[in-house]
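Input: a single structure, listed below in structure tokens.
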Amino acid sequence: MNFKTMTLVAACVVIPTLGQAQTTPTADKPAVVMPDQANPSAPVKGENSFTQEQAKSRMEEAGFTNVMGLTLDDEGVWHAAGEKDGAPVMIKMDYQGNITSG
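Heads up: the sequence shown runs through residues -21 to -1, 1 to 81, numbered per mature numbering (1 follows the signal peptide of the UniProt record, and there is no 0).
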């Protein structure tokens, strides 16, 4: 084989693999959920970086009132008591910012 043929063969092998190296994998779980998104498996366990004030503010922004008694459990979920539409509820917020009540 001559030099030109070897170079052509090498280029045919290397060039397609360069495109594969540029592909970015998608994340399975976002770090923080946006207010218009819902996670059906919430609350999600994980290391929570929200402060107590941040958790309370997000709960209030979600429409809860009289939010009190916030505690962070060992699974990274904030728990609080509050009201929604005048009815008492228990509120949970995970490390992604997913808020659930019941």
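Virtual Cβ for every residue (Gly too), placed ideally from N, Cα, C.
The structure presented is a predicted model; accordingly, all values stated were derived computationally and were not measured.
{"query": "Leaving out the 5 sequence neighbours to the left and right, which residues in its chain are closer than 7 Å to L51 when beta-carbon positions are compared?", "result": "N27, W57"}
{"query": "Answer with buried or exposed for K(-18), where buried requires no fewer than 16 other C-beta atoms within 10 angstroms of its C-beta.", "result": "exposed"}
{"query": "Does DSSP classify A34 as helix, strand or coil?", "result": "helix"}
{"query": "From what residue to what residue does the beta strand (DSSP E) around G76 run?", "result": "Segment: none, G76 is in no beta strand (DSSP E) and carries neither H nor E."}
{"query": "In angstroms with no decimal places, state the Cα-to-Cα distance between E54 and D73.", "result": "9 Å"}
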